[in-house]
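For the sequence shown, the numbering used here gives the first residue as 0, with consecutive numbering after it. C-beta atoms are modelled at their ideal positions from N, C-alpha and C, and glycine is treated no differently. Reading through the structure tokens given below for one structure.
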Amino acid sequence: MRLIDADKLHLKLLDMQFPIQDKDAILDAMDDCIVDAAPATYGKWVKADYKPMIFTKCSLCGRRVEIQNKSAFCPGCGARMTNGKA
Ligand SMILES: [Zn+2]
0 MRLIDADKLH LKLLDMQFPI QDKDAILDAM DDCIVDAAPA TYGKWVKADY
50 KPMIFTKCSL CGRRVEIQNK SAFCPGCGAR MTNGKA
């Protein structure tokens, strides 16, 4: 899959001087605006097996963090942490 930054493409097309029939120019502009993106991964904070129970861990990579430092993304693998949220 290839993704395109639509805002960047819009600005690039506004700056270009070409007949609308010039497909090659449009395709070149699109190639300049392709961005690399990885599929999103989703994980959950789960109970860690460590004592004292001040830690939680990522369900995907097992990265352990203090409960008070839970974040929306795992610092280990970058997964979006859902914990029941879509
Ligand atoms: Zn992780």
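Asked                                                                                  : Found
Under the three-state DSSP convention, the category LEU59 falls into                   : coil
Backbone secondary structure at ILE53 - three-state DSSP                               : coil
Proximity below 8 Å, CB of PRO51 to CB of ARG62                                        : no
Cβ shell of ALA39 (< 7 Å), same chain only, five flanking positions each side left out : ARG79
Contact test: ALA24 Cβ vs ligand 1 heavy atom, cutoff 7 Å                              : no
Distance between GLN67 and MET15 (C-alpha atoms, nearest Å)                            : 51 Å
Beta-carbon separation (whole angstroms), ALA28 vs LYS11, contact threshold 8 Å        : 5 Å
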